[in-house]
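Under this note's numbering, the first residue of the sequence shown is numbered 1, with each subsequent residue one higher.
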Amino acid sequence: MGNENHTAIVYFSKDGNTRSGAMRLNERLGGRIIELREQKKGNFLQALFKKGSKLQGEPWQEIATAQDVYLMQPIWASNAVPAMNAFLKQADFSGKRVTIITFQQFTDLRNSDKVHESIAAAVKKQNGQVIGTYAFVGGKMGHCAAKNLIDEQIDSMIFPG
Numbered sequence: 001m002g003n004e005n006h007t008a009i010v011y012f013s014k015d016g017n018t019r020s021g022a023m024r025l026n027e028r029l030g031g032r033i034i035e036l037r038e039q040k041k042g043n044f045l046q047a048l049f050k051k052g053s054k055l056q057g058e059p060w061q062e063i064a065t066a067q068d069v070y071l072m073q074p075i076w077a078s079n080a081v082p083a084m085n086a087f088l089k090q091a092d093f094s095g096k097r098v099t100i101i102t103f104q105q106f107t108d109l110r111n112s113d114k115v116h117e118s119i120a121a122a123v124k125k126q127n128g129q130v131i132g133t134y135a136f137v138g139g140k141m142g143h144c145a146a147k148n149l150i151d152e153q154i155d156s157m158i159f160p161g
């Protein structure tokens, strides 16, 4: 694959949907997988009020050599998750092409566009360029969707260049 230094897949997963998607995406693209891990679990209220959680380590430094960054997360309370909020505040996206991928339980993908716009604004504030967004269906709250459902959705993605 050879994209280890050019592609970074940054994800947060609580129930396994986003983790499964990140692994499938990495099978297709190769690259560096960066899991956002919280020191203390973020919660619904933090998501609702667009707050961040304290992350383990400094994962934002791990995207330094990437040209393409994929930000993957579930949607909580119609917002970005606290772990991603924290990452977005610290990451430098200068010169990076960013793709946003979300998973949620609702098949109508309600509010995903609002979440994508919010994440895109944070990426732009940190000097990045969003080149694509994808909204996918995961499992119901507390459950991971079937692997083949996640794989089919990731396989439907179209990559630039």
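Heads up, the beta-carbon is just placed ideally off N, CA and C, and yes, glycines get one too.
Integer Cβ distance of residue i from residue j, believed to fall under 8 Å
i, j, result
"A80", "Q73", "6 Å"
"C144", "G21", "At roughly 10 Å, the Cβ-Cβ gap does not stay under 8 Å, so C144 and G21 are not in contact."
"T102", "F136", "7 Å"
"Q46", "P82", "4 Å"
"D68", "T7", "5 Å"
"Y70", "I158", "Incorrect: roughly 13 Å between the Cβ atoms, too far for contact."
"L88", "A122", "4 Å"
"N85", "K50", "6 Å"
"E35", "Y11", "6 Å"
Three-state secondary structure (DSSP) of residue i
i, result
"P74", "strand"
"R28", "helix"
"D68", "strand"
"V81", "coil"
"D92", "coil"
"M1", "Confidence in M1 is poor, its pLDDT being 43 and thus under 50, which makes the residue's placement unreliable; the coordinate value appears in the next sentence. Reduced to three states, the DSSP call for M1 is coil."
"N148", "helix"
"P20", "The residue you asked about is not Pro; residue 20 is Ser in the sequence shown. DSSP places S20 in helix when its eight states are reduced to three."
"D15", "coil"
"K114", "helix"
"I158", "coil"
One or two residues paired with residue i in a DSSP bridge
i, result
"F87", "F87 is not bridged to any residue."
"G132", "T99"
"A122", "Paired residues: none, contrary to the question."
"V10", "I34 and L71"
"Q104", "V137"
"L55", "E38"
Checklist entry - How about the region 23-32 and the region 46-58: do they share at least three Cβ pairs that are nearer than 8 Å? => result As far as the Cβ criterion goes, the region 23-32 does not touch the region 46-58, which means the pair count is below three.
Item to check | Segment contact flag, the region 150-158 with the region 105-118, C-beta cutoff 8 Å, min 3 pairs | outcome: The region 150-158 is not in contact with the region 105-118.
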